[in-house]
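In UniProt numbering, the protein residues as written are 1 to 244.
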C-alpha cells in the first residue's frame, strides 16, 4: 500500500488541527481525580499489563458466545493504540475507514491490519500499517507492550500494540483506506460514563457491544471493545468495583 500524496503544509495543518480539536473536546468530570497524561498511561501499562492475560473480544460482552468464538478460524492482525503525549491531557489517535473498504467500511478504527509473513511480530505489523495508512513515522512512536488479544466476529485475532506518540509528527493519509483522522481525549475514552452498552441482531442472535459517541464520531464495535477492555485493565479501580 502506498500513501496518498498530501503536501507538507497540509500535513502540518492537519496535525495541528486535530490537536486543537482534541483539546477543545468534551472533558466529563470523573468521580475522582485521575492523571490522564501519557506518562501516567506508560506507568499503568508497566504496572498492570506485565501479564497480557487470556484473549478477550466480542464474546466478553456476550455470555454464551465462548464456544462459538473459540471454534472460529482467525487471521492474526495487529492495531496500534496511539496515545499522543499532549501534556496533562493525552489523546488517542483514531481513523475513519473509507466507505469503499470490503470490511468495516466507514467505521472508526485504530491504525492496523493483518500481520504479514514478512513482519517480525505484532509490533512491527502495527507500526508498518500505521505508516502505510496515515503516514505516522515510527520514529515518533514508543511501543509499550501488548494488551490481551481481541477476538472478533469477523474472523480476526487482534493484538493491540499500546504506544505513546511524541508530538511533532505529520500525517499523510492513504485515500484508499482512510477517510479522516482525529484525536479524542484519553479522559473521555477512559470514563465509563461515556461507555454505552447497546445491542443489535446478528446472525439470529442478539449481539451486545459498546459505543462511545464523541462529537460527530460514532466509536463502536471492535474499537470501542478494545477501549473498554483497556479501561477495565488500566483504569478501573478493583476495590471500587468489588464494593459497588
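Ideal Cβ positions, reconstructed from N, Cα and C, are used throughout, including at glycine.
Please report the Cβ distance between residue i and residue j, rounded to the nearest whole angstrom; I am assuming they are in contact, meaning their Cβ atoms lie under 8 Å.
i: residue 123; j: residue 113; result: Contact flag wrong, Cβ pair sits at about 14 Å.
i: residue 38; j: residue 164; result: 5 Å
i: residue 198; j: residue 211; result: 5 Å
i: residue 245; j: residue 110; result: Past the edges of the chain, shown from 1 to 244, lies residue 245, and the structure says nothing about it.
To the nearest angstrom, how far is it from the Cα of residue i to the Cα of residue j?
i: residue 186; j: residue 118; result: 33 Å
i: residue 196; j: residue 72; result: 27 Å
i: residue 169; j: residue 194; result: 29 Å
i: residue 108; j: residue 94; result: 7 Å
i: residue 162; j: residue 116; result: 19 Å
i: residue 145; j: residue 99; result: 31 Å
i: residue 42; j: residue 231; result: 14 Å
i: residue 173; j: residue 49; result: 31 Å
i: residue 151; j: residue 159; result: 9 Å
i: residue 226; j: residue 209; result: 11 Å
Whose CA, out of the options, lies closest to the CA of residue i?
i: residue 92; options: 184, 154, 162 and 225; result: 184
i: residue 155; options: 57, 47 and 35; result: 57
i: residue 189; options: 177, 214, 168 and 169; result: 214
i: residue 234; options: 171, 147 and 222; result: 147
i: residue 76; options: 212, 120, 145 and 163; result: 120
i: residue 53; options: 229, 78 and 212; result: 229
i: residue 182; options: 38, 82 and 47; result: 82
i: residue 74; options: 236, 136 and 153; result: 153
i: residue 220; options: 86, 97 and 85; result: 97
I'd like to confirm the pairing. Which residues does DSSP put opposite residue i in its beta bridges?
i: residue 93; result: 183
i: residue 112; result: 79
Problem - 3 or more residues per run - each beta strand (DSSP E) lying fully within the stretch 176-233 - result: DSSP runs (the beta strand (DSSP E)) wholly in the stretch 176-233: 178-185, 196-202 and 205-211.
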